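Inspection log for the structure reproduced underneath, given as structure tokens.
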Amino acid sequence: MLDSLTKNYTELVQDSKYNKTLLETQRKQSLSQGLTNITDETYEFILKVDEKRFSVQQEKVFHLYGADFLSHCHNVLLKDTNLFNIWRILFQSFDYCNNYLRFVHQTAEQCLHELFEDVVHRFCRIADNQFRKDFLMTVGKSKTESLMKRVDSKHSKTVAPSILNMKNIYNDKSVSKQSTHFKLKSAIFDQGNSAFVNFVKNDLLKLCKSYDIKMSCSSSNDVIKQKLCSKIPSLEGFSHPKYLQQAVSDTTTVSTSTKSKHATSSEATQSTSGEATPSTPSEATPSTSIRNTSATQPRRRKRKSKFTTRSQRKSSKTENKEEKETVCPLCQSVYIDGDDWIACDLCDLWYDRKCLNLNDDQWDDLEGSDWYCPDCLK
Numbered sequence: 001m002l003d004s005l006t007k008n009y010t011e012l013v014q015d016s017k018y019n020k021t022l023l024e025t026q027r028k029q030s031l032s033q034g035l036t037n038i039t040d041e042t043y044e045f046i047l048k049v050d051e052k053r054f055s056v057q058q059e060k061v062f063h064l065y066g067a068d069f070l071s072h073c074h075n076v077l078l079k080d081t082n083l084f085n086i087w088r089i090l091f092q093s094f095d096y097c098n099n100y101l102r103f104v105h106q107t108a109e110q111c112l113h114e115l116f117e118d119v120v121h122r123f124c125r126i127a128d129n130q131f132r133k134d135f136l137m138t139v140g141k142s143k144t145e146s147l148m149k150r151v152d153s154k155h156s157k158t159v160a161p162s163i164l165n166m167k168n169i170y171n172d173k174s175v176s177k178q179s180t181h182f183k184l185k186s187a188i189f190d191q192g193n194s195a196f197v198n199f200v201k202n203d204l205l206k207l208c209k210s211y212d213i214k215m216s217c218s219s220s221n222d223v224i225k226q227k228l229c230s231k232i233p234s235l236e237g238f239s240h241p242k243y244l245q246q247a248v249s250d251t252t253t254v255s256t257s258t259k260s261k262h263a264t265s266s267e268a269t270q271s272t273s274g275e276a277t278p279s280t281p282s283e284a285t286p287s288t289s290i291r292n293t294s295a296t297q298p299r300r301r302k303r304k305s306k307f308t309t310r311s312q313r314k315s316s317k318t319e320n321k322e323e324k325e326t327v328c329p330l331c332q333s334v335y336i337d338g339d340d341w342i343a344c345d346l347c348d349l350w351y352d353r354k355c356l357n358l359n360d361d362q363w364d365d366l367e368g369s370d371w372y373c374p375d376c377l378k
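Letter 100 of the sequence shown, counting from 1, is numbered 100 in the UniProt record's numbering, and no numbers are missing.
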């Protein structure tokens, strides 16, 4: 019965639709010439079996059944009625097959089942071995890739240059900050996006502004870093290095807070020691200047309180005469303590709320979030 499923090589070369597969069979022949050439119908049956096997032998099914995975796949193939019906049709042209099935139906049916199981099991042994090789290769490749990603991420964190931060850029005294530009180019070639690991979003936007790179303020940090990495290597320097100059108000605020801390610590030391130290006019002068500096320096916050009394407003007007007036760039109005003003997080300029036409809901939404003026958004 199995011999009826084979055919002569010469006949298949002339009549077969799959005559190209004969070359593969001939290539894999050993010295014993044990491989046989099958008919087109038998070949199509094997393709159906392989198609069914491929739909069952999946990685998710493997994790579901574990050690019983191969047994499950074999049972699915053996219990498939469509495959068995195709197998039965292959023997319709067998000599005396119809008479044999008519007179000894039970025995013929048993023979068909035994041959079907034998052929399917032989095919599965080859297919299972190939699935095992492919699965081990896939798992090994995925593990290698995940390990490489972990090593790369760890390497990028450990070798990130600490010199690249806004503090060092502010302190760069070279012409048009060319030294910073060359350091950025070198770090980008070596590190890629990791060159900006010490920069926050506001710092990245300042770099874009200084390089005249158009970038939306709503863009994520990764998008901004990728844009800088693609543009900086082809540029010769900063287009607007003025945006990388530290604001004077920031420097004054830092120095004032430092002096206040030293003054507080010295007072605490004197009170702890319990010694009465006479005060002199020369000693009183620094403390007075510190108090005046901290009082006149505008606080760096998003909103100014609008709940002020008349006495507070009057005293604030008196103090504002001694300090430099803050003027809105749009309406040229002068800031008065108690008014609602907001500072741009990029250029550090202050704007009047009324001039910006911000309602109460918009004003409340800006609390604690970044805000950029119309000029910086262009």
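Each residue gets a CB set at the ideal place from its N, CA and C atoms; glycine is no exception. What you are looking at is a predicted structure, and each value in this text was computed from that prediction instead of being measured.
Would you mind stating whether residue i and residue j have Cβ atoms separated by less than 9 Å?
i      : j      : result
Trp87  : Val119 : yes
Asp340 : Trp371 : no
Lys52  : Leu77  : yes
Ser4   : Phe91  : yes
Once the 5 residues before and after residue i are set aside, which same chain residues still bring their CB inside 8 Å of it?
i      : result
Ser239 : Ser210, Tyr211, Asp212
Phe131 : Gln57
Gln246 : Tyr170
Asp80  : Lys52
Pro241 : Ser176, Lys177, Ser210
Lys201 : Asn221, Ile224, Asp370
Asn85  : none
Assuming residue i and residue j form a contact by the criterion Cβ under 8 Å, report the distance between their Cβ atoms to the nearest whole angstrom.
i      : j      : result
Asn193 : Lys214 : The pair is not a contact, with the Cβ atoms about 19 Å apart (cut-off 8 Å).
Cys376 : Leu356 : Between Leu356 and Cys376 the Cβ distance is about 13 Å, and since that is not below 8 Å, they are no contact.
Leu164 : Ala187 : 6 Å
Thr21  : Leu35  : Contact doesn't hold; Cβ gap of about 11 Å is too wide.
Lys185 : Ile126 : Going by Cβ atoms, the distance from Lys185 to Ile126 rounds to 57 Å, so no, they are not a contact pair.
Whole angstroms is fine: what's the gap from residue i's alpha carbon to residue j's?
i      : j      : result
Val327 : Leu358 : 18 Å
Glu11  : Arg27  : 18 Å
Pro329 : Lys141 : 60 Å
Lys354 : Tyr243 : 27 Å
Asp68  : Lys60  : 13 Å
Thr107 : His113 : 10 Å
Ser234 : Leu207 : 15 Å
Cys124 : Phe135 : 16 Å
Glu41  : Glu109 : 20 Å
Val175 : Val197 : 25 Å
Ser179 : Asp172 : 7 Å
Phe62  : Leu70  : 8 Å
Leu83  : Glu44  : 11 Å
Asn221 : Ser369 : 16 Å
Leu337 : Cys331 : At residue 337 the sequence reads Asp, which differs from the Leu that was named. The alpha-carbon atoms of Asp337 and Cys331 are separated by roughly 17 Å.
Leu115 : Asn8   : 22 Å
Asn360 : Cys344 : Inspection of the sequence shows that residue 360 is occupied by Asp rather than by Asn. The straight-line gap from Cα to Cα measures roughly 19 Å.
Val223 : Ile46  : 52 Å
Asn75  : Gln29  : 31 Å
Glu367 : Ile342 : 10 Å
Asp348 : Thr144 : 48 Å
His121 : Ser230 : 57 Å
Answer with buried or exposed for residue i, where buried requires no fewer than 16 other C-beta atoms within 10 angstroms of its C-beta.
i      : result
Val334 : exposed
Tyr351 : buried
Cys373 : buried
Phe189 : exposed
Ile89  : exposed
Val49  : buried
Phe199 : buried
Ile38  : buried
Leu228 : buried
Glu283 : Residue confidence for Glu283 is low, a pLDDT of 42 falling below 50, so the modelled location carries little weight; the figure read from the coordinates is stated next. The residue in question, Glu283, is exposed, as its Cβ has fewer than 16 Cβ neighbours within 10 Å.
Any heavy atom of the ligand FAD inside 8 Å of the beta-carbon of residue i?
i    : result
Ser4 : Annotation note on the ligand FAD: not contained in the displayed structure, which lists no ligands.
Report all residues from its chain with a CB closer than 7 Å to the CB of residue i; omit the five preceding and five following residues, and keep chain order.
i      : result
Asn19  : Leu12, Val13
Ser289 : In this predicted model, Ser289 has a pLDDT of only 42, less than 50, meaning its place in the structure is not dependable; the value taken from the coordinates is given anyway. No residues qualify anywhere along the chain.
Asp203 : Met166
Gly237 : Ser176, Gln178, His181
Glu117 : Leu78
Got a sec? Which residues, its chain only, sit under 6 Å from residue i by beta carbon, not counting five neighbours each side?
i      : result
Tyr65  : His72
Lys183 : none
Against chain B, with Cβ distances strictly below 9 Å, would residue i count as a contact?
i     : result
Ile86 : Note that chain B does not occur in the displayed structure, where there is just one protein chain.
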